[in-house]
Amino acid sequence: MRPLDGHARLGAAARPVQYTLDLHLDPDADCLRGEARITVELAHPTPEVHLHGEGLRIHHALARLPGGRATELTANLGQNGALCLTAATPLPAGTVELEIHWRCPIGQVPEGLYAVRADDEGYLFTQFEPLGARRAFPCFDEPGFKAPFSVSVRAPRGCTVLANTAAVGRRADGEDLVWVFEETPPLPTYLVAFAVGPFDVVTADSDHSPVPLRVITTRGRARLARYALQVTPRLLKALEAWTGVPYPYGKLDLVGVPDFAAGAMENVGLITFRERLLLLDPERAPVHDRMWAEIVIAHELAHMWFGNLVTMAWWDELWLNEAFATHLETLAVQAVSPQFEVNLEAVRETDRVMGHDALAQARAIRQPIRDGGDVLNAFDAITYGKGAAVVQMLSAWLGEATFRAGVRRYLSRHAHGIARTEDLLAALEAEAGRPVEPVLRGFLDQPGVPRVSLAPVAGDRRRWRYAVTRHRPAGAADTSGRWVVPVTVRWVDDLGRAATQRVELDRPTGELRLPAPAAWMHPNDGERGYYRWHLPAAELTALARASATALSAAERVALPGHLWALLEAEQIDAAEWCTVAQALLGDPHRLVIEAVIEGLTQLTPAAPEGPVWSAWIASRLQPHADRLGRVPRVNEGANDRLARPTVLRALADLGADGATRAALADLGRQALLDFRRADPEVVALALPVAAWDGDRSVHDRLRAALEVAPTPAHRQAVITALGSARADDRIESGFEAFFWPTVRAQDLFALLRPAADHPSTRGRLARWLDRRYDAVVEKVGLETAAHLPRLWAKAADRAERDQVAALFESAQRRPPGGERILRQVLEGIDRNVRLTRWTRSSLARFLPDVDDLRRV
Ligand SMILES: [Zn+2]
195 MRPLDGHARL GAAARPVQYT LDLHLDPDAD CLRGEARITV ELAHPTPEVH
245 LHGEGLRIHH ALARLPGGRA TELTANLGQN GALCLTAATP LPAGTVELEI
295 HWRCPIGQVP EGLYAVRADD EGYLFTQFEP LGARRAFPCF DEPGFKAPFS
345 VSVRAPRGCT VLANTAAVGR RADGEDLVWV FEETPPLPTY LVAFAVGPFD
395 VVTADSDHSP VPLRVITTRG RARLARYALQ VTPRLLKALE AWTGVPYPYG
445 KLDLVGVPDF AAGAMENVGL ITFRERLLLL DPERAPVHDR MWAEIVIAHE
495 LAHMWFGNLV TMAWWDELWL NEAFATHLET LAVQAVSPQF EVNLEAVRET
545 DRVMGHDALA QARAIRQPIR DGGDVLNAFD AITYGKGAAV VQMLSAWLGE
595 ATFRAGVRRY LSRHAHGIAR TEDLLAALEA EAGRPVEPVL RGFLDQPGVP
645 RVSLAPVAGD RRRWRYAVTR HRPAGAADTS GRWVVPVTVR WVDDLGRAAT
695 QRVELDRPTG ELRLPAPAAW MHPNDGERGY YRWHLPAAEL TALARASATA
745 LSAAERVALP GHLWALLEAE QIDAAEWCTV AQALLGDPHR LVIEAVIEGL
795 TQLTPAAPEG PVWSAWIASR LQPHADRLGR VPRVNEGAND RLARPTVLRA
845 LADLGADGAT RAALADLGRQ ALLDFRRADP EVVALALPVA AWDGDRSVHD
895 RLRAALEVAP TPAHRQAVIT ALGSARADDR IESGFEAFFW PTVRAQDLFA
945 LLRPAADHPS TRGRLARWLD RRYDAVVEKV GLETAAHLPR LWAKAADRAE
995 RDQVAALFES AQRRPPGGER ILRQVLEGID RNVRLTRWTR SSLARFLPDV
1045 DDLRRV
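According to my numbering, the sequence shown is numbered sequentially starting from 195.
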């Protein structure tokens, strides 16, 4: 007897072949009623069929056997969504049809099947990945079980019903309409979706889209659909061109959901989004929002091939979905909108994920899945960010054409089926004609960032020969790991001639031989390899000096982070880091500036008391601020538009620049006077600053602004501003805004993040959350609550660490997945504490005195 635990694998005893679901969905009802007929294939005679159904009230179940005989089944629900159907006598091997009648509650938090109200009308949405489908209908809720779905939905007249495929018929049934949908291709349960409500539906011009495409909004928001309708066909064509496979499904609906826990979800043919990532004012949307909408749309579209057409066999292979969707999102947006330079955003993301991957508590990309918490944990920066970096490394190492041919072979071989990493490897190796597995395995199955150092071979005074050494990954507890690291070094000789050399490090040390001495060298050409690197002091100085003129944008964007890793490893000190940072701050690229500012923010707790540190930062940022001005300019490039908020906010905050602070606060207050007409880009920049020192009247105006926000971008700025108050008597009323009816579950992190990021308000946030924890969880649900410890990722002193540990000490405050997240956050705080302690003295040494600064 095995215990009834929905987290245990179902095994091969029963396999679904086809589902027919008849659902009764009403946004104003509190439960769903349904009838399912699931054709299953039984491997051997058995009295029991195990599947999933969480919180379902099953009032009738039976099995229809070949020949038409039916037998009653008893339904038992176990823990974690286990469902066992038992017959009095064994069911025969072969095909059996299960018929199940059930009801289940409709949730009020954005998980599973849930209700949302918008402008006083009711809507229903679903979010089934990873384990939510079992809460809505009885099913074999594992990604490896793909089967076609025939769905019909009975819903009130006046509602539109959306599903994975097109509606093929509607018929009246009393007060309701019954919508009948085309049968789907084989789908795993987590990709099934429905939506019901009085939607606005905007259809794309069929001349422009390769598929029937619609953007769907809650009533009254159709005017915000145009941007997505313009950009989606272009992204689809880019993805079709890269994969060589036409869009695999019959239609595509993109739905803006008013309350959505994740960013978006790639349900087959019915992608759901947070409104702000889909519904943009076509004239005025901030460039930042345009870029991120395009990235997220591209990501979800890429899943139609990676995850939907070819589905991972089990959750430990989630990287086959997410790493590829993340890599492809970059390729597609780069092809369609090169002005955003999202390839460099990917470099920044790799840098961030390397910081995470250097924790001893980091996961490997492919981690055994033992329970539901492990499934939820798999959706982290390692699977997405590190996964995408590894895919990109693989592509660079094999050559893009070979890599793409391998991926195309994989897609066509497993279309509408499932796949494992071994299947991808077989396809890549067939194209490459050489083993790929030894390289890939190290990065997939082991946590940690390999570290590679170059040093002149002993006795080689001309510096032509370098030992290339692979070190134990930072943080990794296991030192026995097997790694093959493809290293590509780019170097330039004294005459300015550039060349690259590759070393495949399959042992701890290799050798690099240069034909002539190098003027400078970069140990990771184009930043396409997933490793940290270190150079001897002379080479590092030469590289830093060459950075402005000789390094590619990707290399410049990554440079502050590599040096930061050396700082954390205590191989350089804060004075050395700041010296290079000072030079890099002359770089006009937004992502270089952003990377340096991130380091400066992290060093701030170690800075000496007094104005010297902030004055030094202000002196470095001021030239950028002068160049950019305070408001967007006509015909301004994307780089400057995206740089402005980063520079100005850092100048006002880290740089403590009173003039900038006052000017932004003033812009913010002005925007509140006529909020509907305010420029959303200015609002996003200035509103939070207006809230820093804002009094009660600012708080009240923000509340009123939320009610009239004309676009999701306006709304987002208000949420951020509400959480940004720093005046003692206003901080908590900002947090309490979370319980306003106009603030949604999805807004929790945007609201609390500003306080979490600022040392002066973080303690207050912890005390508030301690008091309000249960009420917060009731509104957001357990899946979101598991991520709460992340708010303290920037904490940098012991007392704060103790506060966080105490806040989440009770087991009830560690929902599935939360345990690991808390451990990672606490380890990260320990790292910050160590760094602050050891950088303090060198930082003091670096800073010139204030008199010198005035002359800068
Ligand atoms: Zn994804």
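For glycine and all other residues, C-beta sits at the position ideal for the given N, C-alpha and C. It should be emphasised that the depicted structure is a prediction, and the values quoted were computed from it without experimental measurement.
Residues of its chain near residue i, where Cβ-Cβ distance is below 6 Å and the 5 sequence neighbours each way are ignored
i: Q533; result: A832
i: N718; result: W727
i: P210; result: I232, V234, F334, F339, A341
i: T703; result: A661, T663
i: E1061; result: It is not possible to answer for residue 1061, since the shown part of the chain is limited to 195 through 1050.
i: V1050; result: Confidence is the limiting factor: at V1050 the pLDDT is only 45, short of 50, which leaves the residue's position unreliable, though a coordinate-based value still follows. Once the five neighbours on either side are set aside, the close Cβ partners of V1050 are S813.
i: K445; result: A360, P406, G463
i: A759; result: R726
Cβ neighbours of residue i in the same chain (closer than 7 Å, five flanking residues each side left out)
i: L356; result: F388, A389, I410, D447, V449, L464
i: E543; result: G579
i: P480; result: P874, E875, A878, A907
i: F943; result: none
i: D224; result: P299, I300
Residue from the options whose Cα sits closest to the Cα of residue i
i: A980; options: E543, Q212, N571; result: N571
i: V825; options: G593, L861, G549, V806; result: L861
i: R890; options: L325, R413, D923; result: D923
i: S344; options: P324, L217, V439, I1015; result: L217
i: P667; options: A624, A738, A556; result: A556
i: A777; options: H908, A432, P754, R603; result: P754
i: F869; options: N829, S954, A846, A911; result: A911
i: A800; options: A990, Y660, G301, V697; result: A990
i: V974; options: V425, F932, R965; result: F932
i: D574; options: R598, T596, M548; result: M548
i: A987; options: P953, E972, T596, E1003; result: P953
i: D654; options: V1027, R707, F454; result: R707
i: A880; options: L916, N358, G368; result: L916
i: V303; options: E1021, W513, L1016, L976; result: L976
i: V683; options: R835, A458, V697; result: V697
i: V243; options: A837, H497, A257, A230; result: A257
i: V601; options: P650, G567, H521; result: H521
i: C772; options: F500, F518, T1033, I925; result: T1033
i: A208; options: L794, L430, A237, H818; result: A237
i: E625; options: G593, I612, H610; result: G593
Proximity test, residue i beta-carbon vs ligand 3 heavy atom, cut-off 7 Å
i: A519; result: With respect to small molecules bound, the structure shown includes ligand 1 and not ligand 3.
beta-carbon residue i near ligand 1 non-hydrogen atom, thresh 7 Å
i: N515; result: yes
i: E460; result: yes
i: H244; result: no
i: H497; result: yes
i: H550; result: no
i: H238; result: no
i: H716; result: no
i: H493; result: yes
Own chain residues within Cβ distance below 8 Å of residue i, not counting five before or after
i: P284; result: P239, T240, P241
Contact between the segment 475-493 and the segment 524-542: three or more CB pairs below 8 Å?
yes
Are the segment 887-904 and the segment 506-516 touching, with three or more C-beta to C-beta distances below 8 Å?
no
Cβ pair count under 8 Å reaching 3, the segment 846-861 against the segment 881-897
yes
Do the segment 245-263 and the segment 197-211 make contact, defined as three or more Cβ pairs closer than 8 Å?
yes
With contact counted as at least three CB pairs below 8 Å, one residue from each stretch, are the segment 675-687 and the segment 619-635 in contact?
yes
Are three or more beta carbon pairs between the segment 370-388 and the segment 432-439 nearer than 8 Å?
no
Does the segment 304-318 come within contact of the segment 258-266, defined as at least 3 CB pairs closer than 8 Å?
no
Would you be able to state if there are at least three C-beta pairs under 8 Å between the segment 646-653 and the segment 722-736?
yes
Quick one: any contact between the segment 396-404 and the segment 345-354, if contact means 3 or more CB pairs under 8 Å?
no
For the 8 Å Cβ check, are there 3 or more pairs between the segment 607-622 and the segment 731-741?
no
Count Cβ pairs between the segment 753-768 and the segment 584-594 that sit closer than 8 Å; are there 3 or more?
no
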